[in-house]
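Residue 410 is where the sequence shown starts when you use the working numbering, and the numbers rise one by one after that.
Where is the CB? At the ideal position from N, CA and C, for every residue including glycine.
Predicted model only: the values in this text are computed from it and were never measured.
To start, the structure itself, in structure tokens.
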Amino acid sequence: MVVSSQTTLQNSSHIFKTCNIPVIDMLDPQAKFHITKACQEFGFLKVVNHGIPNETMTNLEGDAAKFFNLPQCEKNKVCPANPFGYGNKRIGSNGDVGWVEYLLFTTNSEIVSEKSVSIPGNSQLFWSSLNEYVTAVRNMACLVLEKIADGLTIEPKNVLSRLLRDQKSDSCFRLNYYPPCTELEALSGGNGNLIGFGEHTDPQVISVIRSNNTTGLQISLRDGTWVSVPPDQYSFFIIVGDSLQVMTNGRFRGVKHRVLANSLKARLSMIYFGGPPLNEKIAPLSSLMEEGEESLYKEFTWHEYKKSAYKTRLSDHRLGLFEKKIEVS
Ligand code: GA4
410 MVVSSQTTLQ
420 NSSHIFKTCN
430 IPVIDMLDPQ
440 AKFHITKACQ
450 EFGFLKVVNH
460 GIPNETMTNL
470 EGDAAKFFNL
480 PQCEKNKVCP
490 ANPFGYGNKR
500 IGSNGDVGWV
510 EYLLFTTNSE
520 IVSEKSVSIP
530 GNSQLFWSSL
540 NEYVTAVRNM
550 ACLVLEKIAD
560 GLTIEPKNVL
570 SRLLRDQKSD
580 SCFRLNYYPP
590 CTELEALSGG
600 NGNLIGFGEH
610 TDPQVISVIR
620 SNNTTGLQIS
630 LRDGTWVSVP
640 PDQYSFFIIV
650 GDSLQVMTNG
660 RFRGVKHRVL
670 ANSLKARLSM
680 IYFGGPPLNE
690 KIAPLSSLME
700 EGEESLYKEF
710 TWHEYKKSAY
720 KTRLSDHRLG
730 LFEKKIEVS
């Protein structure tokens with residue numbers, strides 16, 4: 410495992426540290442151990458040597474940029490995100506706002522449904538770049554999950570990846586566009602930190618994020634400090650979701666992350682959220698539990714968790730409702 414160098418990074422008027430984010434070389438025979446360690450310590454890691462052609466990323470990036478550069482009235486013709494569709498500043502339906510525009514799609518293990526969102530113009534190229542990208546990234550997410558199973562020495566090897574490969578996998582995909590904010594100082598109330606996408610954990614199993622070369626993404630370390638993640642358009646970042654936290658009975662932690670607006674450059678990110686089928690029970694994997702170990706969570710299905718999560722605000726501690734209260738005698 411390589412660790413990225415420690416630097417500081419200027420994000421508008423505030424200086425945020427960047428930390429030693431684990432970098433995993435997928436071709437390294439030891440990758441399974443490094444990934445597992447990174448998921449335990451950070452819930453976050455960067456993947457290099459992933460084998461996904463750069464073209465797969467840049468094609469979609471180009472098509473997405475074309476969409477977000479359309480006149481506002483054209484973008485407004487796309488169905489408003491509820492939750493799937495085009496969104497502008499409003500995130501979810503519980504009052505969260507951010508300096509962001511987005512397209513949110515639903516996807517199972519095979520295809521990003523064209524029915525969920527109607528893209529203006531001749532959208533065939535858009536859909537083909539999108540499906541090519543999502544297929545490649547899903548395969549990579551499955552490989553990462555298989556390495557995790559291996560690293561944790563649990564059987565079968567596909568115990569986690571099967572959730573994303575299931576035909577009924579309830580996954581989604583999001584294109585986020587953060588326009589440069591020239592009024593950043595004024596809008597941020599003078600502290601220079603305007604929220605692009607507010608702090609949150611992802612409810613699913615695993616998320617894979619790729620962005621253009623613009624800063625903004627930050628993760629929260631276990632001690633609560635926010636650190637900036639230096640952008641890298643050739644790599645992918647893996648985020649542990651709430652469901653994986655539960656399946657590992659808290660050995661892995663869903664990482665809190667957020668995006669800050671940038672005053673100069675637009676940020677464009679693409680995120681695949683790998684989720685289980687709706688009827689899947691989300692519970693600690695029995696092959697991982699030690700003798701006498703009890704689940705930290707109440708029993709629930711992905712459908713129950715998702716329903717509850719979509720009623721929360723971004724920064725809420727969504728898993729709290731499902732944690733077993735420890736009795737102190
Ligand atoms: C966070 C992860 C994904 O982007 C998402 C988001 C969803 C949305 O944008 O509609 C949510 C958010 C996310 C969690 C809490 C609820 C639902 C916005 C929100 C306030 C698509 C997801 O699955 O959960």
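One thing to note: T515 has its Cβ within 8 Å of the Cβ of F493. With a cutoff of 8 Å on beta-carbon distance, V664 and V649 are scored as near each other. Using a 10 angstroms sphere on the CB of T591, the tally of other CB atoms stays under 16, which defines it as exposed. In terms of CA proximity to S724, S629 leads the group I680, S629 and V638. Under the 8 Å Cβ criterion, the segment 430-442 counts as touching the segment 541-559, having at least three qualifying pairs. Excluding residues up to 5 positions away in sequence, R583, S616 and I618 lie with their Cβ nearer than 6 Å to the Cβ of I680 in the same chain.
The alpha-carbon separation between N567 and I647 amounts to approximately 18 Å. A straight line joining the alpha-carbon of N478 with that of K734 spans about 49 Å.
At the C-beta level, D611 and L687 stay beyond 8 Å of one another.
With a cutoff of 8 Å on beta-carbon distance, P589 and N671 are scored as near each other.
Contact between L469 and S538 holds, with the beta-carbon distance rounding to 4 Å and staying under 8 Å. Looking at F451, R499, E732 and T467, the one whose alpha-carbon comes closest to that of R722 is R499.
Shown here, F646 sits in a strand according to DSSP, grouped into three states.
Distances taken from the Cβ of F661 to the heavy atoms of the ligand GA4 include none shorter than 7 Å. Taking the Cβ of Y495 as the reference point, every heavy atom of the ligand GA4 lies at 7 Å or farther away.
Judged by DSSP secondary structure, I618 falls outside any alpha helix (DSSP H) and instead within the beta strand (DSSP E) spanning I615 to S620.
Q481 and L593 have their alpha carbons spaced roughly 21 Å apart. Its chain contains I461 and T465 as the residues whose beta carbon lies nearer than 7 Å to that of A545, once the 5 sequence neighbours on both sides are disregarded; these appear in chain order. Counting along the chain, E608 sits inside the beta strand (DSSP E) bounded by residues I604 to H609. The residue among A692, W508, L454 and T710 with its C-alpha nearest the C-alpha of E702 is A692.
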